[in-house]
Structure formats: C-alpha cells, structure tokens
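Reading through the structure tokens given below for one structure.
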Amino acid sequence: MAVERTLTILKPDCVRKNLAGEVTKRIQEAGFKILAMKLTRLTKETAGGFYAVHKERPFYGELVEFMSSGACVPMILEKENAIEDFRTLIGATNPSEAAEGTIRADFADSVGENIVHGSDSVENGKIEGAYFFSEAEVIANNS
Ligand code: CMP
Numbered sequence: 012m013a014v015e016r017t018l019t020i021l022k023p024d025c026v027r028k029n030l031a032g033e034v035t036k037r038i039q040e041a042g043f044k045i046l047a048m049k050l051t052r053l054t055k056e057t058a059g060g061f062y063a064v065h066k067e068r069p070f071y072g073e074l075v076e077f078m079s080s081g082a083c084v085p086m087i088l089e090k091e092n093a094i095e096d097f098r099t100l101i102g103a104t105n106p107s108e109a110a111e112g113t114i115r116a117d118f119a120d121s122v123g124e125n126i127v128h129g130s131d132s133v134e135n136g137k138i139e140g141a142y143f144f145s146e147a148e149v150i151a152n153n154s
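Number 154 marks the last residue of the sequence shown (this note's numbering); no jumps.
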C-alpha cells in the first residue's frame with residue numbers, strides 16, 4: 012500500500028471541549044505520523060477559501076462561521092493508505108451515522124460541529140496541506 016498524506020483539522024468544537032489531546036492521541040495510536048501541526052484561528056476569508064468547493068451549498072455560511080469561531084489545529088498526517096484509514100478512524104461526516112468507536116461517534120454533536128476534518132483524496136490532501144503549511148513547516152523525517 013502506498014504511503015499517503017492527509018490534512019486534518021481539529022475543529023473549534025474539538026479545541027473548545029478540551030479534546031485536542033485525546034483526539035491527537037487516538038490519531039497517533041492509529042499509526043499516523045504528524046509531519047506538521049499548529050494552533051491557529053481562521054479568519055472568515057481563510058475558512059471560506061478552504062471550503063470554497065462548498066460555496067453553493069446551503070450550509071456554507073454556517074460552516075464558515077463555525078470554522079472561524081475559535082482556535083483550531085490543522086495537521087498534516089502520513090501513513091500507508093492514510094486517506095481511507097483516516098476517514099475510517101473519524102467515522103461518517105454525520106456523527107449519528109458514524110460507526111461505534113470512531114472519533115465523531117464518540118465526540119461530535121452534529122454534522123456541522125463534527126470535531127475533525129479529513130481530506131477526501133490524495134490530491135486534495137496535497138492541496139489542503141499546502142493551504143495551511145509551507146514546505147519548510149513540513150517535517151518529513153521527524154523520528
Ligand atoms: P468536513 O469533512 O470538514 O467537510 C465539509 C464540512 O461541511 C463537513 O465536514 C461538515 O462539517 C459540513 N457539513 C456537511 N453537511 C452539512 C450540513 N448539512 N450542515 C452543516 N454542515 C455540514
């Protein structure tokens with residue numbers, strides 16, 4: 012299986028609920044290597060740009076409000092089969108449909124406030140990673 016990278020964001024609900032440590036621990040215990048990580052607060056412009064693909068969706072305004080409502084923690088993660096394995100670890104977008112034991116099933120309140128983001132393809136993982144981190148901030152050999 013190919014080694015892949017995915018971009019995750021521990022969303023403002025995750026940080027507000029003091030779950031950033033617990034979620035990071037689960038991510039690391041599942042075998043993901045953290046190549047880049049920071050605490051930041053998105054502006055509406057930055058959040059809107061990140062989710063530009065959803066601009067026409069009815070929930071776009073709510074999504075941008077929420078993602079800029081407090082601190083969040085973007086990370087670039089690396090692992091074999093990272094895209095699919097990360098989506099399995101976090102569970103379905105809507106926590107009421109997320110499998111038992113997944114991060115969203117355990118911690119998320121709603122489809123909008125769902126604790127974490129995960130890239131949906133290798134290509135989007137690269138684009139999303141570059142949205143938050145410069146090349147110099149990505150530590151490829153960190154062990
Ligand atoms: P994420 O994986 O970060 O990518 C797009 C986000 O839009 C998604 O997680 C959800 O948090 C959010 N989203 C999707 N559908 C809805 C919805 N019906 N209402 C509010 N937010 C939504």
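Ideal Cβ positions, reconstructed from N, Cα and C, are used throughout, including at glycine.
Item to complete: Alpha carbon to alpha carbon, how far is M48 from E56? Give it in angstroms, no decimals.
Response: Position 45 of the sequence shown, counting from 1, holds the residue named residue 56. Position 37 of the sequence shown, counting from 1, holds the residue named residue 48. If I take the Cα positions, the gap works out to 21 Å.
Practice prompt. Just the C-alpha distance for K22 and A116, rounded to the nearest angstrom, thanks.
Written response: Locating residue 22 in the sequence shown gives position 11, counting from the first residue. Locating residue 116 in the sequence shown gives position 105, counting from the first residue. Looking at the backbone, the Cα of K22 and that of A116 are separated by about 15 Å.
Worksheet item: Applying the criterion that 16 or more other CB atoms from any shown protein chain within 10 Å of the CB defines a buried residue, is K36 buried or exposed?
Response: Counting from one through the sequence shown, the residue named residue 36 turns up at place 25. Exposed, because fewer than 16 other Cβ atoms sit within 10 Å of the Cβ of K36.
Discussion item. Within a Cβ cutoff of 8 Å, which residues of the same chain sit near S132, ignoring the five residues on either side of it in sequence?
Written reply: The residue labelled residue 132 in the question sits at position 121 within the sequence shown. Excluding positions up to five away in sequence, the list reads I94.
Worksheet item: Can we count F158 as close to the ligand CMP, meaning its CB is less than 6 Å from some heavy atom?
Response: Nothing can be reported for residue 158: it is not among the residues displayed for the chain, which extend from 12 to 154.
Discussion item. Here's a check: name, in chain order, each residue in its chain whose Cβ is nearer than 7 Å to the Cβ of G123, leaving out the five neighbours to either side.
Written reply: The residue you call residue 123 lines up with position 112 of the sequence shown. F70, E73, L74 and F77, listed in sequence order.
Item to complete: Confirm the yes/no value for this check: CB of N125, any heavy atom of the ligand CMP, distance under 6 Å.
Response: Within the sequence shown, numbered from 1, the residue matching residue 125 stands at position 114. At least one heavy atom of the ligand CMP lies closer than 6 Å to the C-beta of N125.
Fill in: Continuous alpha helix (DSSP H) assignments of at least 4 residues falling wholly in the region 55-84
Segments of the alpha helix (DSSP H) lying fully in the region 55-84: 55-61 and 71-78.
Worksheet entry | V26, DSSP secondary structure in three states | In the sequence shown, counting from the first residue as 1, residue 26 sits at position 15. In the displayed model, V26 falls within a helix according to three-state DSSP.
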